[in-house]
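Reading through the structure tokens given below for one structure.
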Amino acid sequence: MFTQRFRLFFYSSGYLALYTGFLLIFFMARPADFFPTLRHLLLKSHIVTVVLWLFTCGMLFSIHVIPQLQARIQEGRKTGIVLIGLIAMMSFSGFALQIVSSAAAMDYARWLHIITGAAFTALLLIHLVLVKASFRIWIATVLVASLLLAIPF
Numbered sequence: 022m023f024t025q026r027f028r029l030f031f032y033s034s035g036y037l038a039l040y041t042g043f044l045l046i047f048f049m050a051r052p053a054d055f056f057p058t059l060r061h062l063l064l065k066s067h068i069v070t071v072v073l074w075l076f077t078c079g080m081l082f083s084i085h086v087i088p089q090l091q092a093r094i095q096e097g098r099k100t101g102i103v104l105i106g107l108i109a110m111m112s113f114s115g116f117a118l119q120i121v122s123s124a125a126a127m128d129y130a131r132w133l134h135i136i137t138g139a140a141f142t143a144l145l146l147i148h149l150v151l152v153k154a155s156f157r158i159w160i161a162t163v164l165v166a167s168l169l170l171a172i173p174f
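Counting in the working numbering, the sequence shown runs from 22 upward without gaps.
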């Protein structure tokens, strides 16, 4: 079902999308002349990693979600369905950030994107811990490493 390469690509592209998103939040709160090149590079990196991650989400849907729903497996079902909805809202708000022109709509889309992204991240961690307890050590390691990488900012 899941190969090691698929898991590595799914989690690493998701992590890079999340981390670049958090760095974007940090840099967007700074004045416009504060590292404009780095901000632009982070935005492009975020978009590319999100596209790669969404591609793996599509693969995950066909090899994991649909078979789980057809088999009527209850373990992780509720969190999985909510995760699908959050992915849709993140995708919609991320696309809206690129096409809306009014400041009010941009602000609304930005907050929707940030809130659904944070909710998705938290719920994915809960989903993984509920389904596979062996992920607890990996999740704790990644969280600690992420906090250490964010300290310089």
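No residue lacks a Cβ here, since even glycine has one placed at the ideal position from N, Cα and C.
* Asked: Just curious, the alpha helix (DSSP H) that V121 is in, first and last residue?
  -> Looking at the DSSP string, V121 is not in any alpha helix (DSSP H), and its letter there is neither H nor E.
* Considering only the beta carbon of each residue, do L81 and F113 sit closer than 8 angstroms? -> no
* **Alpha-carbon to alpha-carbon, L45 and A130** => 15 angstroms
* Express the C-alpha separation of L144 and A125 in angstroms, rounding to a whole number. => 28 angstroms
* Asked: How do the segment 93–104 and the segment 57–73 stand: do at least 3 beta-carbon pairs fall below 8 angstroms, yes or no?
  -> no
* Please say whether V71 and A109 have beta carbons closer to each other than 8 angstroms? => no
* Does the Cβ-Cβ distance between T137 and L90 come in under 8 angstroms? -> no
* Quick one: residues in its chain with C-beta nearer than 6 angstroms to the C-beta of F76, no 5 flanking neighbours on either side, listed in chain order? => The answer is none, since no qualifying residue turns up.
* Asked: Should H134 and L146 be called a contact, given that it needs their Cβ atoms to be closer than 8 angstroms?
  -> no
* To do: If I'm right that L73 touches S34 with Cβ under 8 angstroms, what's the distance once you round it to whole angstroms?
  => 4 angstroms between Cβ atoms; contact.
* To do: List in chain order: all unbroken beta strand (DSSP E) runs of 3+ residues lying wholly within the segment 57–136.
  => none
* To do: Note down, in chain order, each residue of its chain lying with its Cβ closer than 7 angstroms to the Cβ of T41, except the 5 sequence neighbours on either side.
  => L63, S66, H67 and T70
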